[in-house]
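Here the structure is laid out as structure tokens; the discussion comes afterwards.
Numbering (this note's numbering), first residue to last: 17 to 446.
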């Protein structure tokens, strides 16, 4: 460990412990909340902010000027749009929503000192180790039900309901009327979150190489979630990795995928996944509520009046719209990042914030493959604009390890968006 930071091993050890604690909080505390009046604050938010604050005060973080500039531009445009909404429609606009937006993304302005970047591989491996436990818990929930255990939310049995985040489908049956519930790995907000985190761990393991035994463990943990988002993330990750590997690697992955799909198809889980594929053409299905209707609503709302394309409908609008739709239809709309930004802050602020997000996640990071996989997960697979679980996982596994750009050379250096490939453990990776 002393080799990580020449002459300063204690700083490196402390920094790793802080980052590992933050990753642990993002994974294991994502369902825990702190009551704040009528609202709830996810516990992972203050935990990560305290860790970032400590590293900043200890001098282990430095400002990245391009990230800071894009953050200030995006936030300024969002605040301007929000101000108009507060003036025009003060009763409905949510001050807490815009405040959370400001606080949640502020850490993206900072990156670790360059001598601490050697910690990146260790932190990735730590995350993968955590997800091995997550996979075992997910599979264990399924096996226990197959052996006759009647599903119960084990975390809710020990944590007061007032401390659990609301408005998430944490526990629900694999199909209507079934006594078998989808696995959520106990600690994850929903089965889909468990599926996505496990898929991300598999992608990271493929990028880093070594410890291939973890891959079937992750796959086994994904299946009981019966969630298509993890499989979609895996497909994107495989495509990104294939761009950096020889053709033989792609053919091998294709062969393994076909074999795995065949094996799953002949099991009871195959019928469940086959049912999920029918959702792509069904109005009101999970697929439609996540990937179709939010975009339609955001587009239609742009024509509500002449002001909306520039200022949106105000912070918190999409949550109010989703709640109203649920009261009417008992279906929960899920607004991904871009349609939520467009609907609440207008086109200009949405464009600026999306640009900031892409840059913050991907610019000069150790592994562009991992960064793009997380970016896809963040932008499309969940309503994660104000979700610390996904936002801070992105911060810890991508942005905080980016190479800082000094102010004087920002214009020239920012053209380099990608660092050299991440050194793999046992094999080269993208």
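The beta carbon of each residue, even a glycine, is placed where N, CA and C say it ideally should be. As the structure is a prediction and not an experimental result, all values here were calculated from the model.
Taking the CB atoms as reference points, tell me whether residue 408 and residue 60 lie closer together than 9 Å.
yes
According to the neighbour-count rule (16 or more other Cβ atoms, all chains shown, within 10 Å of its Cβ), is residue 52 buried or exposed?
exposed
Evaluate residue 212 with the Cβ neighbour count: other Cβ atoms within 10 Å of its Cβ, from every protein chain shown; 16 or more gives buried, anything less gives exposed.
buried
Need the endpoints of the beta strand (DSSP E) that residue 49 sits in, please.
49–52
Considering only residues of the same chain and omitting the five flanking positions on each side of residue 309, which have a CB-CB separation below 7 Å?
349
Nearest neighbour of residue 171, chosen from 180, 414 and 163 [CA to CA]:
180
Which ranges would you report for the alpha helix (DSSP H) in the stretch 63–120 if only whole runs of at least 4 residues count?
81–104
For residue 228, does the count of other Cβ atoms within 10 angstroms reach 16, so buried, or fall short, so exposed?
exposed
Spatial neighbours of residue 84 in its chain, beta-carbon cut-off 7 Å, leaving aside the 5 residues before and after:
125
To the nearest angstrom, report how far apart residue 316 and residue 226 are at their CA atoms.
49 Å
Would the beta-carbon of residue 71 fall within 9 Å of that of residue 77?
yes
Work out the CA separation of residue 232 and residue 411 for me, nearest whole Å.
27 Å
Does DSSP put residue 46 in a helix, a strand or coil?
coil
Which class does residue 343 belong to by DSSP, given the choice of helix, strand or coil?
helix
Express the C-alpha separation of residue 68 and residue 139 in angstroms, rounding to a whole number.
15 Å
At a cut of 8 Å, does the stretch 326–339 reach the stretch 108–128 through at least three beta carbon pairs?
yes
CA-to-CA distance, residue 367 to residue 318, given in whole angstroms:
14 Å
What three-state label does DSSP hand residue 402 in the structure shown?
coil
Identify which residue in 137, 404, 358 and 188 has its Cα closest to the Cα of residue 168.
188
Should residue 425 be labelled buried (16 or more other beta-carbon atoms within 10 Å of its own) or exposed?
In this prediction, residue 425 scores a pLDDT of 45, lower than 50, which makes its location untrustworthy; the coordinate-derived value is nonetheless stated afterwards. Exposed, because fewer than 16 other Cβ atoms sit within 10 Å of the Cβ of residue 425.
Residue 417 versus residue 142: straight-line alpha-carbon distance, rounded
15 Å
Applying the 10 Å Cβ sphere with the 16-neighbour rule, what's the burial state of residue 162?
exposed
Please report the Cβ distance between residue 414 and residue 386, rounded to the nearest whole angstrom; I am assuming they are in contact, meaning their Cβ atoms lie under 8 Å.
7 Å
Report the start-end ranges of each alpha helix (DSSP H) in the stretch 123–154 that is 4 residues or longer and not cut off at the edges.
none
Residue from 258, 157 and 397 whose Cα sits closest to the Cα of residue 199:
157
Segment limits, alpha helix (DSSP H) that includes residue 174
170–174
Beta-carbon spacing of residue 30, residue 97 below 9 Å:
no
Opposite residue 55 in the DSSP bridges: which residues?
52
Of the listed residues 121, 122 and 136, nearest to residue 128 (C-alpha basis)
136
Kindly indicate which three-state DSSP category residue 180 falls into: helix, strand or coil?
strand
How about the stretch 370–379 and the stretch 31–46: do they share at least three Cβ pairs that are nearer than 8 Å?
no
What first and last residue would you give for the alpha helix (DSSP H) that runs through residue 309?
309–317
Determine the DSSP secondary structure at residue 375, reduced to helix, strand or coil.
helix
Using the Cα positions of residue 257 and residue 223, report the straight-line distance between them to the nearest angstrom.
7 Å
Would you say residue 365 and residue 94 are within 9 Å of each other, going by their C-beta atoms?
yes
Considering residue 245, what are the terminal residues of the alpha helix (DSSP H) in which it resides?
244–258
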